[in-house]
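Novice: Next up is a structure, given as structure tokens.
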Amino acid sequence: MLEIKNLHAGIDDKNILNGINLSINAGEVHAIMGPNGSGKSTLSSVIAGNETYEVTEGDVLLDNKSLLELAPEERAHKGIFLSFQYPVEIPGVTTTNFIKTAINEKRKANGLEDLPAKDMLKLIREKSELLEMDRKFLSRSLNEGFSGGEKKRNEIFQMAMLEPKLAILDETDSGLDIDALKVVANGVNKLRSKDNAVVVITHYQRLLDYIVPDFVHVLHNGKIVKSGGKELALELEKKGYDWLK
Amino acid sequence: MDLKEKLVSSFLAFENKGGLDLDSNVHDIRLKAIQNFEDEGFPSKKDEEWRYTNLKPLLKHDFSLFPITNDAVGFKNIKDYLINEIESYTLIFIDGVFSSFLSDTTHDECDVCVISSALTRPKYKMVIDNYFNTIAKENNSLSDLNTAFTKEGAFINIPKNTIVPKPIQILNFSTGSEKEVMLQPRNLVVVGENSHVQIIERHQNLSKNTTLTNSVTEIFVHKRAIVDYYKIQNDTENSSLIDSTFVSQKMQSVASVHTYSFGGKMTRNNLEFYQEGEHITSNLNGISILNNKQHVDNHTLVNHKFPNCESHELYKGIYADKSTGVFNGKVIVQQAAQKTNAFQQNNNILIDNGATINAKPQLEIFADDVKCSHGCTIGQLDEDALFYMQSRGIPKNEAIALLLYAFGNDVVEKIKIPQLKSRISKLIAENLGVNLGFEL
Ligand SMILES: Nc1ncnc2c1ncn2[C@@H]1O[C@H](COP(=O)(O)OP(=O)(O)OP(=O)(O)O)[C@@H](O)[C@H]1O
Ligand SMILES: [Mg+2]
């Protein structure tokens with residue numbers, strides 16, 4: 286489904302990603318781990334289309350078509366979703382209005398009519414219950430004054446609403462308490478099907494107990510230095526990264 | 222002959238031919254005003270208060286001072302500019318002349334009519350003598366000019382204990398009956414004790430011809446009265462407006478003036494609040510959304526003279542292309558005005574490199590036990606927020622508009638008439654070039 290080929294990217298004169306190769310098939314869960322500053326968030330930003338980073342070499346393909354020329358919103362319309370490591374506050378736009386706009390834009394891009402208000406409300410109710418979200422967050426400005434954990438939960442709520450084909454979760458577990466982690470993981474698992482895929486970026490094994498990966502990759506200096514099965518995460522937890530550098 | 226000479230020399234003819242009463246106090250006021258104007262002339266950029274707004278290019282036009290009016294204007298020409306989703310009293314002026322045909326006035330519980338009749342009828346002599354030009358006279362040559370040529374405008378006189386049942390809309394149209402037209406509407410609003418009134422005002426050019434409007438409004442708010450005054454400034458690119466609004470408040474009253482500046486070539490708002498008692502609240506709200514070479518200058522003054530009063534000032538600006546904004550917010554807290562709460566906030570977003578804003582808060586505080594704050598920000602669009610929104614599928618243009626819309630939203634939230642609120646929201650969306658699928 287997603288094919289990353291020899292991807293090089295950076296900012297100004299600084300190279301951050303130095304030749305990443307990764308292939309993700311429908312139905313799979315991939316975990317990406319790696320030390321701070323190794324390029325995990327940069328990789329997710331580049332896949333989502335952040336123009337801050339310049340791709341200098343390589344390609345990213347979704348269903349055999351290159352994404353690189355597409356604007357972030359076009360990628361979203363094709364089913365890419367990024368749960369941000371640091372979700373942005375949008376003052377003045379309520380969570381409900383934001384997600385309504387996002388959903389209808391995606392539908393419009395795919396040739397569908399706006400979702401009728403009734404269905405929208407139903408969907409919002411369903412998904413906010415799934416994530417055990419307090420309804421009052423829906424009418425508050427998006428992420429404004431939300432705690433770290435509340436922001437992460439809200440990201441997964443949006444993911445559940447948008448039902449992406451490829452979801453990239455960038456340290457969604459950081460900031461979540463143990464109960465919230467279970468709820469959020471459950472939300473992610475509900476989305477999993479044979480048609481979509483999930484990339485989980487994390488520093489800790491804990492999340493992977495709930496969202497069990499098929500593959501684990503270690504990123505270091507903008508390169509994947511090791512890949513393996515879910516046991517690799519346990520090994521990393523014990524040994525750290527030094528043995529791989 | 223330049224515009225000043227032209228104005229001064231037409232004054233005599235104006236008074237004589239206009240059928241104006243030459244024995245009245247008003248005649249003396251006019252005379253004094255034209256003399257002041259002759260002495261002072263138009264303000265220039267050398268004047269500190271006019272440093273960032275240059276009137277000179279405007280004054281070069283050969284304005285017709287007493288334009289012929291266009292009788293052919295009917296309801297269909299003006300209806301788009303009325304908020305007709307609500308019941309209201311309406312005062313419609315066409316090229317400076319009152320149209321009784323298009324208007325809906327009243328003398329029942331209160332007077333909603335025109336100043337031309339108030340100035341001449343004995344019945345209103347007391348009101349005129351007590352209020353007319355009593356706050357507009359402070360060394361301001363443009364209000365003097367308006368005073369000298371006062372002929373027509375709204376006269377709103379609300380007795381005490383009266384809740385005016387529907388809003389009042391004041392609309393000044395210019396039809397382009399002549400190529401370059403100068404208009405000088407003059408409004409007087411007197412609101413009695415415990416009374417409440419809502420007013421919506423608009424200046425609109427119906428043609429492509431050039432218009433300069435020099436408008437003056439005096440508002441008197443008595444004990445415990447509440448006044449909400451909304452100004453919609455969304456005129457054509459050949460229209461300029463100098464709007465001077467003076468508000469005098471008595472104890473425990475609440476007065477709010479909201480200014481929505483989206484259009485026009487040049488707009489200068491002089492807004493002055495004078496607090497004449499304790500426990501007064503003054504609210505000043507404004508939002509400017511400008512593009513091309515538009516210019517909007519908001520000059521505000523709040524004069525706190527008595528203890529235990531408040532003022533809340535919130536001005537927002539969004540500037541694109543080569544537009545320019547000016548915000549000058551002066552707050553005076555006099556020595557007697559202890560326990561004053563004065564808040565001022567001015568937030569601006571410059572969308573393009575060519576746009577500029579000159580912002581100047583001016584706090585003059587002579588009392589020691591007060592809470593005063595002011596904040597001024599000038600920023601660009603938040604790139605991280607844009608990427609976040611785009612990554613959720615919201616196209617860039619829409620994301621920009623949504624962010625800007627949200628930026629201005631707290632000003633819109635202050636509108637107390639729902640139909641007006643949705644109208645202003647629509648105007649904002651229009652000016653930002655978006656179709657919003659919902660109301661914020
Ligand atoms: N906008 C930017 N400007 C400058 N440097 C950047 C920028 N974005 C990323 N970098 C640099 O690129 C490198 C990779 O950063 P990135 O955020 O991708 O790391 P990460 O693997 O996600 O780290 P963490 O585990 O701490 O989240 C870091 O050295 C970082 O400082
Ligand atoms: Mg990161």
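Protein sequences, first through last, are from chains A and B. 286 is the number of the first residue of the first sequence in our numbering; add one for each residue after it. 222 is the number of the first residue of the second sequence in our numbering; add one for each residue after it. Backbone N, C-alpha and C fix where the C-beta goes; we use that ideal spot for every residue, glycine too.
Are B:Phe-548 and B:Lys-514 close, meaning C-beta to C-beta below 8 Å?
Specialist: no
Novice: What residues match up with B:Tyr-481 in a beta bridge as DSSP calls it?
Specialist: B:Ile-453 and B:Ile-508
Novice: Taking a cut of 7 Å between CB atoms, which residues from the region 335–347 of chain A lie near chain B?
Specialist: Asn-335
Novice: Within 10 angstroms of the Cβ of A:Ser-424, are there 16 or more other Cβ atoms? Answer buried if so, exposed if not.
Specialist: exposed
Novice: Short of 9 Å Cβ to Cβ, which residues in the region 350–372 of chain A face chain B?
Specialist: Cβ proximity to chain B below 9 Å picks out Ala-356, Pro-357, Glu-358, Glu-359, Arg-360, Ala-361, His-362, Ile-365, Phe-366, Leu-367, Phe-369, Tyr-371 and Pro-372 from the region 350–372 of chain A.
Novice: Chain B partners of A:Gln-490, CB-CB under 8 Å?
Specialist: Ordered by position in chain B, no residue passes the 8 Å Cβ test against A:Gln-490, which lies about 28 Å from the chain.
Novice: From B:Glu-259 to B:Ile-553, what does the alpha carbon distance come to, in whole angstroms?
Specialist: 30 Å
Novice: Assuming B:Val-335 and B:Phe-370 make a contact with CB atoms under 8 Å, what is their CB distance in whole Å?
Specialist: Rounded, the Cβ-Cβ distance is 15 Å, inconsistent with contact.
Novice: Classify B:Gly-596: buried if its beta carbon has 16 or more other beta carbons within 10 angstroms, exposed otherwise.
Specialist: exposed
Novice: Since A:Gly-377 meets chain B, which of its residues come closer than 9 Å, beta carbon to beta carbon?
Specialist: In chain order: Leu-623, Leu-624, Tyr-626, Ala-627, Phe-628, Gly-629, Asn-630, Asp-631 and Leu-661.
Novice: Looking at B:Glu-497: is its Cβ nearer than 8 Å to the Cβ of B:Phe-467?
Specialist: no
Novice: Pull up the DSSP beta-bridge partners for B:Val-410, would you.
Specialist: B:Ile-377 and B:Ile-440
Novice: So if I threshold CB-CB distances at 8 Å, which residues from the region 389–411 of chain A count as touching chain B?
Specialist: Asn-389, Glu-390, Lys-391, Ala-394 and Asp-399
Novice: Is B:Gln-601 close to chain A? Criterion is C-beta to C-beta, closer than 8 Å.
Specialist: no
Novice: CA-CA distance, A:Glu-456 and B:Thr-457?
Specialist: Approximately 52 Å between the Cα atoms of the pair.
Novice: Nearest-angstrom Cα distance between A:Ser-426 and B:Asp-573?
Specialist: 27 Å
Novice: Where B:Phe-587 and B:Phe-319 are concerned, what is the direct C-alpha to C-alpha distance, given to the nearest angstrom?
Specialist: 45 Å
Novice: Give the residues of chain E in contact with B:Gln-565, contact being defined as C-beta atoms less than 9 Å apart.
Specialist: Judged by its chain identifiers, the structure shown contains no chain E, and its protein chains are A and B.
Novice: At 3 residues or longer, and completely inside the region 553–592 of chain B: list those beta strand (DSSP E) runs for me, N to C.
Specialist: List check, beta strand (DSSP E) in window: 562–571 and 577–586.
Novice: Taking the straight line between their C-alpha atoms, what separation do you get for B:Asp-325 and A:Leu-416?
Specialist: 56 Å
Novice: Pick from A:Gly-460, A:Gly-434 and A:Val-473: whose alpha carbon is nearest that of A:Leu-451?
Specialist: Closest by C-alpha distance to A:Leu-451, out of A:Gly-460, A:Gly-434 and A:Val-473, is A:Val-473.
Novice: With 16 other CB atoms within 10 Å as the buried threshold, where does B:Asp-518 fall?
Specialist: buried
Novice: What's the C-alpha gap between A:Ile-301 and A:Gly-343?
Specialist: 14 Å
Novice: Does DSSP put A:Val-331 in a helix, in a strand, or in coil?
Specialist: helix
Novice: Does B:Ile-397 come out as helix, strand or coil in the three-state DSSP assignment?
Specialist: The sequence given here has Gly at residue 397 of chain B, not Ile. Coil.
Novice: Could you check whether the Cβ of B:Ile-615 sits closer than 8 Å to any Cβ belonging to chain A?
Specialist: yes
Novice: For a contact meaning CB atoms closer than 7 Å, what does B:Ala-606 contact in chain A?
Specialist: In chain order: Val-373 and Ile-375.
Novice: What separation, rounded to the nearest whole angstrom, lies between the Cα atoms of B:Phe-628 and B:Gln-640?
Specialist: 21 Å
Novice: What would DSSP say about B:Tyr-352, mapped onto helix, strand or coil?
Specialist: helix
Novice: Please state whether the Cβ-Cβ distance between A:Gly-304 and A:His-293 is less than 8 Å.
Specialist: yes
Novice: What does the shell around ligand 1 hold, if a residue joins when its beta-carbon is under 5 Å from any heavy atom?
Specialist: A:Ile-296, A:Ile-301, A:Asn-321, A:Gly-322, A:Ser-323, A:Gly-324, A:Lys-325, A:Ser-326 and A:Thr-327
Novice: From B:Ser-362 to B:Lys-387, what does the alpha carbon distance come to, in whole angstroms?
Specialist: Taking the straight line joining both Cα atoms gives about 35 Å.
Novice: Entirely within the region 269–332 of chain B and at least 4 residues each: give me those alpha helix (DSSP H) ranges in chain order.
Specialist: Runs found: 277–280 and 296–299.
Novice: At the 8 Å Cβ level, is B:Tyr-536 part of the contact set with chain A, yes or no?
Specialist: no
Novice: Do A:Val-469 and A:Ile-317 have their beta-carbon atoms positioned less than 8 Å apart in this structure?
Specialist: no
Novice: Thinking C-alpha only, which one of B:Asn-426, B:Phe-483 and B:Phe-441 is nearest B:Val-475?
Specialist: The option with the nearest alpha carbon to B:Val-475 is B:Phe-441.
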